[in-house]
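Structure record follows, encoded as structure tokens.
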Amino acid sequence: MSAPSPTPLPPLRIDADGPVAHVRLIRPDKRNAVNVDLILALEAAFSAPPPGTRVWVISGEGDHFCAGLDLTEARQRTPQETFDHSQLWRRVFEKIQLGGIPVVSALHGAVVGGGLELAASTHVRVADETAFFALPEGQRGIFTGGGAAVRVARIIGVHRMIEMMLTGHRYDAREGLALGLAHYVVEPGKALEKATALAEQIVTNAQGTNRAIVTALERIATMPPDAGLFTESLVAALVESSGEGYQRITDFLERRVR
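Structure, rendered in structure tokens:
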């Protein structure tokens, strides 16, 4: 009788610590490359956060944050299958970006291809000095499908993105900081510590304001100016007239907070 197959390990782990929930990619033997199981696990996690979650932190196990698409799953797909797979990634990364909960990413090692697309869907990005950013799709005979054509191009500019894809150019952590791919750079091994500290700081903001920041600003940025200004006024009216908004303004005016 053959031995039973080992139970496959889950592709990610969630640890909730009060209002901060930490989701960690755990495919270190694959450099945390994204397969279908991992993308579905991310969808499930961000669709049903642990109760009380007000900020997410996302990181990767092992030597790399995420090396992108697991190419073993990309062979011989039909055009329809490739389209559907891209739409799955689009749906999940949109849930991360526009789900109403701020997401801080801790980046190290490879932040490549789909890994960069995942990072670009987060709101605050902390890279340690081992991190590097690349879009190697041109060398792999594929094209971005997880939102880079919108999110990464918006961060660094379409012409810089074209250069990255055509040449396979890798940008290190400091270069990524200058381009906006990272917001902070820290010593090797310190990204998660810094990301967690930032998450704990973000938790102290008014929850309604945090939600408005991560759901409204990206949408306003794509609107015609007149529509964007009108939407901004609507969001301000909703946030500032809420109970928490009114109380925080009162506390500030009465010098109860700085």
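Numbering (numbering that gives the first Met the number 0) for the sequence shown: 0 to 257. Note that beta-carbon positions come from the ideal geometry of N, C-alpha and C, so glycine has one too. For clarity, every value in this text was computed on a predicted model and none was experimentally measured.
Only counting the same chain, and skipping five residues up and downstream in sequence, which positions put a Cβ closer than 7 angstroms to that of residue i?
i, result
"Val185", "Val125, Asp127, Lys193"
"Ala198", "Val19, Val54, Val56, Val103"
"Ala73", "Ile141"
Where do the ends of the beta strand (DSSP E) carrying residue i lie?
i, result
"Ala73", "Note, Ala73: premise wrong, no beta strand (DSSP E); not H, not E."
"His21", "19-24"
"Val184", "183-185"
So what does DSSP say about residue i, is it helix, strand or coil?
i, result
"His84", "helix"
"Ala105", "strand"
"Arg12", "strand"
"Phe142", "coil"
"Ala32", "coil"
"Gly137", "helix"
"Val110", "strand"
"Leu97", "helix"
"Arg90", "helix"
"Lys193", "helix"
"Leu39", "helix"
Please list, in chain order, all residues of the same chain as residue i whose beta carbon is under 8 angstroms from its beta carbon, the five residues on each side excluded.
i, result
"Gly51", "Ala15, Gly17, Pro18"
"Ser4", "The predicted position of Ser4 is uncertain, since its pLDDT is 47 and thus under 50; a value taken from the coordinates is nonetheless stated next. Once the five neighbours on either side are set aside, Ser4 has no close Cβ partner at all."
"Thr6", "Here the model assigns Thr6 a pLDDT of 47, short of 50, so the residue's position is not dependable and the matter cannot be decided."
"Glu231", "Ala215, Ile219"
Short of 6 angstroms in beta carbon distance, which residues of its chain neighbour residue i, apart from the five on each side in sequence? Order them along the chain.
i, result
"Gly61", "Pro27"
"Leu97", "Thr214"
"Thr258", "With the chain represented from 0 up to 257, any question about residue 258 goes unanswered, as that position is not in the structure."
"Ala105", "Ser58, Val125, Ala190, Leu191, Ala194"
Assuming residue i contacts residue j (C-beta within less than 8 angstroms), just tell me the rounded distance between them.
i, j, result
"Val151", "Glu116", "7 angstroms"
"His63", "His107", "7 angstroms"
"Leu178", "Ile201", "Actually they do not touch by this definition, with Cβ atoms about 23 angstroms apart."
"Tyr170", "Phe132", "5 angstroms"
"Gly114", "Ala66", "6 angstroms"
Residue i lies in the alpha helix (DSSP H); which residues open and close that run?
i, result
"Ala215", "206-220"
"Gly227", "224-239"
What are the partner residues of residue i, as DSSP defines its beta bridges?
i, result
"Arg124", "Ser104"
"Asp171", "Phe131"
"Gly156", "In the DSSP output, where bridge partners are listed per residue, Gly156 has none listed."
"Ser58", "Arg23"
"Leu68", "Val33"
Could you tell me whether any non-hydrogen atom of the ligand FMN is closer than 8 angstroms to the CB of residue i?
i, result
"Ala190", "With respect to small molecules bound, the structure shown includes none, and the ligand FMN cannot be examined in it."
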